[in-house]
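Peer 1: Chains F and W, in that order, give the protein sequences. FYI, UniProt numbering numbers position 86 of the first sequence as 86, with every residue one higher than the one before it. FYI, UniProt numbering numbers position 150 of the second sequence as 150, with every residue one higher than the one before it.
There are 2 protein chains.
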Amino acid sequence: MAVSKDPRPCSIADTLALVGEKYSLLVLREVCLGNGRFDQLVRNIGAPRDILATRLRRLVDAGILTKRPYSERPQRFEYRPTEAGLELEPVLWTLKEWGDRHLRADSGTPMVLEHHCGHEFVPVVTCRACGEEAKHRELTAHPRVPGWTVGGPAAA
Amino acid sequence: MAVSKDPRPCSIADTLALVGEKYSLLVLREVCLGNGRFDQLVRNIGAPRDILATRLRRLVDAGILTKRPYSERPQRFEYRPTEAGLELEPVLWTLKEWGDRHLRADSGTPMVLEHHCGHEFVPVVTCRACGEEAKHRELTAHPRVPGWTVGGPAAA
DNA sequence: GAAGTGGGTTTGATTTTCCAACGTACAGGG
DNA sequence: CCCTGTACGTTGGAAAATCAAACCCACTTC
Numbered sequence: 001m002a003v004s005k006d007p008r009p010c011s012i013a014d015t016l017a018l019v020g021e022k023y024s025l026l027v028l029r030e031v032c033l034g035n036g037r038f039d040q041l042v043r044n045i046g047a048p049r050d051i052l053a054t055r056l057r058r059l060v061d062a063g064i065l066t067k068r069p070y071s072e073r074p075q076r077f078e079y080r081p082t083e084a085g086l087e088l089e090p091v092l093w094t095l096k097e098w099g100d101r102h103l104r105a106d107s108g109t110p111m112v113l114e115h116h117c118g119h120e121f122v123p124v125v126t127c128r129a130c131g132e133e134a135k136h137r138e139l140t141a142h143p144r145v146p147g148w149t150v151g152g153p154a155a156a
Numbered sequence: 001m002a003v004s005k006d007p008r009p010c011s012i013a014d015t016l017a018l019v020g021e022k023y024s025l026l027v028l029r030e031v032c033l034g035n036g037r038f039d040q041l042v043r044n045i046g047a048p049r050d051i052l053a054t055r056l057r058r059l060v061d062a063g064i065l066t067k068r069p070y071s072e073r074p075q076r077f078e079y080r081p082t083e084a085g086l087e088l089e090p091v092l093w094t095l096k097e098w099g100d101r102h103l104r105a106d107s108g109t110p111m112v113l114e115h116h117c118g119h120e121f122v123p124v125v126t127c128r129a130c131g132e133e134a135k136h137r138e139l140t141a142h143p144r145v146p147g148w149t150v151g152g153p154a155a156a
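Below, the structure is given as structure tokens:
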């Protein structure tokens with residue numbers, strides 16, 4: 001029986017291959033907040049400068065950030081999210097929400113997002129088809145690649 | 001002027017400190033799919049066994065997974081998500097959605113999730129207060145920690 | 001002309017990762 | 001009994017990534 005030996009083909013893994021390295025999502029956070037200059041990134045993220053330079057190159061290559069001059073003479077650059085980069089923000093929102101709930105229950109959240117409706121923004125993930133909030137138990141996984149299976153829904 | 005030198009306090013960073021290492025979110029993916037045994041994880045993720053063992057210990061310590069025996073004699077264990085682990089699934093869904101749209105536009109998605117409403121599950125992140133789909137331009141960030149600022153909304 | 005700012009690169013020590021092999025405990029078949 | 005196979009890791013050494021500090025260059029401001 002020929003069983004696949006390669007890791008499971010998966011969009012989660014592919015996305016993490018682009019933005020899953022240390023600091024990459026924090027770079028995106030800062031850039032989405034409008035803090036796109038190199039020294040701002042170094043200070044706000046706390047990453048080594050060389051690593052940060054590597055990550056920035058990679059994110060630009062991946063089409064998630066753009067590097068654009070904001071000053072000639074002296075040449076100065078700023079990183080900004082592309083459309084694709086902005087579309088990664090839901091990942092940041094869900095990470096933040098989990099952290100706020102599970103790691104900051106007492107100390108309070110260090111950053112509040114305000115939605116244009118006037119209330120604090122708390123992300124809720126819903127089903128595009130029916131509009132209901134999504135829950136683990138209400139989902140079923142169907143692999144579409146031969147040789148890969150799932151063990152059925154996992155209970156806690 | 002005393003400027004903070006520490007990295008920005010942030011729930012995104014704190015959450016990534018727990019699940020942001022290489023393979024950790026893929027472990028969560030497999031465990032949520034019901035594939036919680038060590039050799040399944042090795043095969044489906046493609047991670048080195050020693051690294052995987054380290055990640056599993058860390059995720060159990062963090063309260064995201066539990067390790068429970070499914071057989072005495074021989075002793076065999078299975079990893080399952082805790083309630084907190086299941087609540088990280090929205091992160092996986094948003095990562096998958098981005099990858100499906102940006103990296104698999106042609107080739108088709110390797111895994112389809114079906115919602116109990118009968119349709120394919122496509123996650124949409126909405127505002128808990130007003131129910132609208134969230135968009136970058138409609139959010140404003142308010143740091144609640146002295147010394148930390150944002151540069152205003154970033155345009156693409 | 002001295003010091004400061006912005007945007008990085010270089011250097012060398014430390015830490016992680018990787019892969020293959022090994023160990024242990026049991027089960028099944030001949 | 002012996003051999004093979006499965007499940008769940010641990011160990012060892014080589015390769016790669018990370019880290020902090022120093023350095024570099026082009027300007028600007030004092």
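Positions of the beta carbon are idealized from the N, C-alpha and C atoms, including for glycine.
1) Does any C-beta atom of chain W lie closer than 8 Å to the C-beta of Gly36 (chain F)?
2) Name the residue from F:Ala13, F:Tyr79, F:Pro123 whose alpha carbon lies nearest to the alpha carbon of Arg29 (chain F).
3) Within its chain, find whatever has a CB closer than 7 Å to the CB of Gly46 (chain W); leave out the 5 residues flanking it on each side and keep chain order.
4) Using 10 angstroms around the beta-carbon of Glu97 (chain W), count the other beta-carbons present and answer buried if the total reaches 16, otherwise exposed.
5) I need the DSSP call for Leu28 (chain W), collapsed to helix, strand or coil.
6) Any idea if His102 (chain W) is buried or exposed, counting beta-carbon neighbours within 10 angstroms, 16 or more meaning buried?
7) Would Pro81 (chain W) and Ala154 (chain F) qualify as a contact pair, given that the criterion is a beta-carbon distance under 8 Å?
8) Name the residue from F:Gly147, F:His115, F:Cys130 whose alpha carbon lies nearest to the alpha carbon of Glu132 (chain W).
9) If you draw a straight line from the C-alpha of Arg73 (chain F) to the C-alpha of Leu88 (chain F), how long is it?
10) Kindly list the residues whose CB is nearer than 8 Å to the CB of Phe77 (chain F), restricted to its own chain and excluding five residues on each side of it in sequence; keep chain order.
11) What's the gap between the Cα of Thr15 (chain W) and the Cα of Gly108 (chain W)?
12) Buried or exposed: Pro48 (chain W), going by 16 or more other Cβ atoms within 10 Å of its Cβ?
13) By the 10 Å Cβ neighbour count, where 16 or more other Cβ atoms means buried, how is Ser4 (chain F) classified, buried or exposed?
14) In this structure, what does DSSP give as the bridge partners for Ser110 (chain W)?
15) Strictly under 8 Å for the Cβ-Cβ distance: is Asp39 (chain F) near chain W by that measure?
16) Is it true that the CB of Gly20 (chain W) sits closer than 8 Å to the CB of Leu33 (chain F)?
17) When burial is assigned at 16 or more other CB atoms within 10 Å of the CB, is Gly63 (chain W) buried or exposed?
18) Just checking: is the beta-carbon of Arg144 (chain W) within a distance shorter than 8 Å of some beta-carbon in chain F?
19) Give the range of the alpha helix (DSSP H) segment to which residue 174 (chain W) is assigned.
20) Under the rule that 16 or more other beta-carbon atoms within 10 Å means buried, what is Pro146 (chain F), buried or exposed?
21) Does any CB atom of chain F fall closer than 8 Å to the CB of Lys22 (chain W)?
22) Taking Phe121 (chain W) as the query, report the chain F residues whose CB atoms sit under 7 Å from its CB, ordered along the chain.
23) When you compare the CB of residue 166 (chain F) with every CB in chain W, is at least one pair closer than 8 Å?
24) Would Cys117 (chain W) pass as a contact of Cys127 (chain F) if the rule is Cβ separation under 8 Å?
25) So which residues of chain W does Pro153 (chain F) contact, with C-beta pairs closer than 7 Å?
26) In three-state DSSP terms, what is Arg128 (chain F)?
27) Kindly indicate the opening and closing residues of the beta strand (DSSP E) around Pro143 (chain W).
Peer 2: To lay it out plainly:
1) Along the first sequence, one-based indexing puts residue 36 (chain F) at 36. Closer than 8 Å: yes.
2) Translated into the one-based positions of the first sequence, residue 29 (chain F) becomes position 29. Nearest of F:Ala13, F:Tyr79, F:Pro123 to Arg29 (chain F), Cα basis: F:Tyr79.
3) As a working note, residue 46 (chain W) is residue 46 in the second sequence. Taken in chain order, the list of residues that qualify is empty.
4) Taking the first residue of the second sequence as 1, we reach residue 97 (chain W) at position 97. A residue is called buried when at least 16 other Cβ atoms come within 10 angstroms of its Cβ; Glu97 (chain W) meets this threshold and is buried.
5) The count along the second sequence starts at 1 and reaches residue 28 (chain W) at position 28. Here Leu28 (chain W) sits in helix by DSSP.
6) What you label residue 102 (chain W) is simply residue 102 of the second sequence in a count that begins at 1. Buried, by the Cβ-count rule.
7) Along the second sequence, one-based indexing puts residue 81 (chain W) at 81. Along the first sequence, one-based indexing puts residue 154 (chain F) at 154. Taking 8 Å as the Cβ cut-off, Pro81 (chain W) and Ala154 (chain F) qualify as a contacting pair.
8) Taking the second sequence and counting its residues from 1, one reaches residue 132 (chain W) at position 132. Of the candidates F:Gly147, F:His115, F:Cys130, the one whose C-alpha sits nearest the C-alpha of Glu132 (chain W) is F:His115.
9) By one-based count along the first sequence, residue 73 (chain F) stands at place 73. By one-based count along the first sequence, residue 88 (chain F) stands at place 88. Spanning the two alpha carbons is a distance of roughly 33 Å.
10) Along the first sequence, one-based indexing puts residue 77 (chain F) at 77. Closer than 8 Å at Cβ, skipping near neighbours: Arg37, Phe38, Lys67, Arg68, Pro69, Tyr70.
11) In the second sequence, the residue the question calls residue 15 (chain W) occupies position 15. In the second sequence, the residue the question calls residue 108 (chain W) occupies position 108. Straight-line Cα distance between these residues: approximately 30 Å.
12) Position 48 of the second sequence, counted from the start, is the residue given in the question as residue 48 (chain W). By the 10 Å Cβ count, Pro48 (chain W) comes out exposed.
13) Position 4 of the first sequence, counted from the first residue, corresponds to residue 4 (chain F). A caution first: Ser4 (chain F) carries a pLDDT of 45, below 50, which makes its placement in the model unreliable, though a value can still be read off. Looking at its Cβ environment, which holds fewer than 16 other Cβ atoms inside 10 Å, Ser4 (chain F) is exposed.
14) As a working note, residue 110 (chain W) is residue 110 in the second sequence. At residue 110 (chain W) the sequence reads Pro, which differs from the Ser that was named. Paired residues: none, contrary to the question.
15) Here residue 39 (chain F) refers to the residue found at position 39 of the first sequence. Output row for Asp39 (chain F): interface = no.
16) Locating residue 33 (chain F) in the first sequence gives position 33, where the first residue counts as 1. Locating residue 20 (chain W) in the second sequence gives position 20, where the first residue counts as 1. Result no, Cβ atoms of Leu33 (chain F) and Gly20 (chain W) do not sit closer than 8 Å.
17) By 1-based counting over the second sequence, the position of residue 63 (chain W) is 63. Label assigned to Gly63 (chain W): exposed.
18) Walking along the second sequence from the start, residue 144 (chain W) turns up at place 144. With 8 Å as the cut-off, Arg144 (chain W) counts as an interface residue toward chain F.
19) Residue 174 (chain W) lies beyond the range of chain W shown here (1 to 156); nothing can be said about it.
20) Position 146 of the first sequence, counting from 1, holds the residue named residue 146 (chain F). Here Pro146 (chain F) is exposed, its C-beta having fewer than 16 other C-beta atoms within 10 Å.
21) The count along the second sequence starts at 1 and reaches residue 22 (chain W) at position 22. At least one chain F Cβ lies under 8 Å of Lys22 (chain W).
22) Your numbering for residue 121 (chain W) matches position 121 in the second sequence. Correct list: Cys127, Ala134, Leu139.
23) Absent from the model: residue 166 (chain F). The displayed extent of chain F is 1 to 156, so no value can be given.
24) On the second sequence, position 117 is the one that residue 117 (chain W) refers to. On the first sequence, position 127 is the one that residue 127 (chain F) refers to. Yes, the Cβ-Cβ distance between Cys117 (chain W) and Cys127 (chain F) is below 8 Å.
25) As a first step, residue 153 (chain F) must be located in the first sequence, where it is residue number 153. By Cβ distance, chain W contributes Gly34.
26) The residue given as residue 128 (chain F) occupies position 128 in the first sequence. Looking at Arg128 (chain F) - three-state DSSP - the assignment turns out to be coil, as it is neither helix nor strand.
27) Locating residue 143 (chain W) in the second sequence gives position 143, where the first residue counts as 1. Pro143 (chain W) -> beta strand (DSSP E) spans 139-143.
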